[in-house]
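Using the numbering used here, you'd call the opening residue of the sequence shown number -13 and step up by one each time.
All residues carry an ideal CB built from backbone N, CA and C; glycine is no exception.
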Amino acid sequence: MEEKPKDVDLIIPMIPEMELTATKTAEAVGEFMKLDQDKIEEIKMALIEACINAFEHSKSEDGRVGISFDIGTEELTIQITDRGKGFDMGQAREKLEKRRESGESRRGWGLTIMQELMDDVKVESGETGTCITMTKRR
């Protein structure tokens, strides 16, 4: 009998260091999936970036971030969701490019880091919030 994939859901408040709770969960999920330690560390770093972005930029009235781990047989999919103001990806890219050109590029690398660390990253954002979906394959 094939084992049904599992899900883990968290809701964390937007307070400093709370993203570390999410990374502890990611580590437990990665170990459950028998992922190698390098992949687990990549997942944790991408998750920290996603949480911090939500904390800093969402302006969510409920002050919470939802994190869902969808544990599949061949991949882990993580969704990070906030109920904030959302943002325009095109404008965000333009601002980042201008900062890079002017040498003011110390911040704003979160999405780029997530894309480097994960196999797939998708961002959906609108007036009711933002959802980042990240996938890591075995």
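Simplified DSSP state of residue i, which is helix, strand or coil
i: Leu21; result: coil
i: Gly76; result: helix
i: Glu3; result: coil
i: Lys30; result: helix
i: Gly49; result: coil
i: Lys84; result: helix
i: Lys10; result: helix
Neighbourhood of residue i by C-beta distance below 6 Å, restricted to the same chain and skipping five residues each side
i: Asp56; result: Asp(-7), Thr63
i: Ser54; result: Asp(-5), Gln65
i: Leu21; result: none
i: Ser111; result: Gly72, Phe73
Extent of the continuous beta strand (DSSP E) run through residue i
i: Gly115; result: 115 to 123
i: Arg108; result: Checking the sequence, you will find Lys at residue 108 rather than Arg. 106 to 112 is the span of the beta strand (DSSP E), which, as asked, contains Lys108.
i: Glu61; result: 61 to 68
Endpoints, the alpha helix (DSSP H) within which residue i is located
i: Gly89; result: Here Gly89 belongs to no alpha helix (DSSP H), and DSSP marks it neither H nor E.
i: Glu102; result: 96 to 103
Sequence-distant residues of its chain with Cβ nearer than 8 Å to residue i (five each side left out)
i: Thr7; result: Leu(-4), Ile(-2)
i: Gln101; result: Val107
Candidates the options: closest to residue i by CA position
i: Thr114; options: Gly70, Thr98, Lys122; result: Gly70
i: Gly96; options: Ile118, Lys84, Thr11, Pro2; result: Ile118
i: Thr121; options: Glu5, Ile1, Ala12, Glu3; result: Ala12
i: Val51; options: Met4, Ile99, Phe73, Ser111; result: Met4
i: Thr59; options: Glu83, Phe18, Ala14, Thr9; result: Phe18
i: Ile1; options: Ile34, Leu103, Lys81; result: Ile34
i: Val109; options: Ala36, Asp24, Gly16; result: Ala36
i: Leu103; options: Gly76, Lys25, Gly89, Glu61; result: Lys25
Same chain only: Cβ atoms within 7 Å of residue i, ignoring 5 sequence neighbours per side
i: Asp105; result: Thr121, Lys122, Arg123
Check: Touch check for the stretch 45 to 53 and the stretch 22 to 29: three-plus C-beta pairs under 8 Å?
Finding: no
Check: Are the stretch 61 to 77 and the stretch 34 to 43 touching, with three or more C-beta to C-beta distances below 8 Å?
Finding: yes
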